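A.B. asks: If you count by my numbering, then the sequence shown holds residues 224 to 498, one letter each, in order. Idealized CB from N, CA, C, for every residue including glycine. Values in this document were obtained by computation on a predicted structure and should not be read as measured data.
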Amino acid sequence: MSFLTSEQLKQYEEEGYVAPIDVLSKEEANEVKEEIELIEKKWPDELEGLGRNYIHLISPVFDKVCNNTKILDAVESLIGKNILICGTTLFVKNPNEKGFVSFHQDAKYIGLEPYNWVTAWVAITDANEENGCMRMWSGSHKNDLQYHNQKFDENNLLTRGQTVENVPMNETKPVILKAGQISLHHPKVVHGSGLNKSNDRRIGFVIQSYIGTNVDQVLGKMYVQQARGEDTFKYHEHVVRANELMNQEGAQIKKKANEELSKIFYSGSSKIGKY
Ligand SMILES: O=C(O)CCC(=O)C(=O)O
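(1) Buried or exposed: Y370, going by 16 or more other Cβ atoms within 10 Å of its Cβ?
(2) Since K411 contacts Q328 with CB under 8 Å, what's their CB separation in whole angstroms?
(3) To the nearest angstrom, how far is the alpha carbon of N319 from that of D439?
(4) Kindly confirm or deny that the stretch 343-363 and the stretch 429-438 touch, where touching means at least three C-beta pairs closer than 8 Å.
(5) Quick one: Cα of L295 to Cα of S225, how far?
(6) Under 9 Å between the Cβ atoms of G355 and L418?
(7) Measure the CB-CB distance between T436 and I333 and report whether it falls below 9 Å.
(8) I'd like the list of long-range same chain contacts for D245, defined as Cβ closer than 8 Å, with 5 residues on each side in sequence excluded.
(9) If you run the structure through DSSP and keep just helix, strand and coil, what is P267?
(10) Give every residue of the same chain whose Cβ lies closer than 7 Å to the Cβ of I476, excluding the five residues on either side of it in the sequence, and list them in chain order.
(11) Determine the direct distance from the alpha carbon of M392 to that of Y277, and round the result to whole angstroms.
(12) Helix, strand or coil for D296? Go by DSSP, reduced to three states.
(13) Starting from the C-beta of H408, find all residues in its chain whose C-beta is less than 6 Å away, skip the five residues before and the five after it, and write them out in chain order.
(14) Assign E460 to one of three DSSP states: helix, strand, or coil.
(15) Provide the residue span of the beta strand (DSSP E) that contains L307, from first to last.
(16) Ligand 1 heavy atoms versus the CB of K316: any closer than 8 Å?
(17) Mapping DSSP to helix, strand and coil, what is D439?
(18) May I have the straight-line CA-CA distance separating I259 from E271, to the nearest angstrom?
(19) Can you give, in chain order, each stretch of the beta strand (DSSP E) that sits fully within the stretch 229-283 and has at least 3 residues?
(20) Can you tell me where the beta strand (DSSP E) with A330 in it begins and where it stops?
(21) State the DSSP-derived secondary structure class of G473, mapped to helix, strand or coil.
(22) Is F285 helix, strand or coil when you go by DSSP?
(23) With distance defined between alpha-carbon atoms, name the residue in E236, A242, N481 and G303 nearest to K444.
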């Protein structure tokens, strides 16, 4: 049983995130890293641009992470026992590139309401201040959704380069994780991350998000999988789990899911970004 302790629940409630939580062994995290490298080698375009989303639909290794009991126990502690996996994204920062993530709130453009959902950030490599780990504006989830300046910066790993300006850096905290650990963060907590100044890749596999079955998609369509419990609301289309790397069915669903996700992310925007 890996349900959150009262101390962890208190951290989430007060700060808008909880970390670190031990989930995968070093070997398991490395297996995930090798899966990425294999896909990049065999299908060089698959994880480019929008393709960084929904890798769990084409890879049994990633599917297994999404259904990991330790993660689901922790998630259940926050959103209850009826849990859907509604999306995943790879946030990769290669050394010598200028990738960063501006301060933002996940809830701003994702259309998931009510906010009975939580994002799991799984460290596939270590994440620290040198290689650009996330920083959370502690307690900011207690505020409403904030104004986001849409900057469409080419090095910004977010869709619109959406940015909450003037974040008080002294109120932010680094989320330092070892490979295999996770953090869980609230839909409204303001967070971002800086450059990777190390010589290695920094890889985060982000399950964004685990949603309660009572959460609807108010901007478009989503493809989900039941992780726990049952779905009596039936707001979303349920799809099969990956059972073989890059099989035709999984690859087709991934493509379709990404087309729909793009409509959601850019809803009301006159400009489309890289992701
Ligand atoms: O990987 C990062 O640096 C940022 C990821 C992020 O913004 C998120 O998981 O919501």
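C.D. replies: Judging by the given coordinates:
(1) exposed
(2) 5 Å
(3) 40 Å
(4) yes
(5) Computed Cα separation, rounded: 8 Å.
(6) Between G355 and L418, the C-beta spacing is below 9 Å.
(7) Contact annotation: T436 and I333 have beta-carbon atoms that are not nearer than 9 Å.
(8) These residues qualify, in order along the chain: K293, G403 and Q404.
(9) coil
(10) L280, Y446 and V462
(11) 32 Å
(12) Residue state, collapsed to three classes: helix.
(13) Only residues of its own chain outside the window of five on either side were considered, and among them Y240 and T342 have a CB closer than 6 Å to the CB of H408, listed in chain order.
(14) strand
(15) I306 to I308
(16) Under cutoff, so the answer is yes.
(17) strand
(18) 12 Å
(19) 240-245
(20) It is not in any beta strand (DSSP E) - A330 instead sits in the alpha helix (DSSP H) that spans A330 to I333.
(21) helix
(22) Helix.
(23) N481
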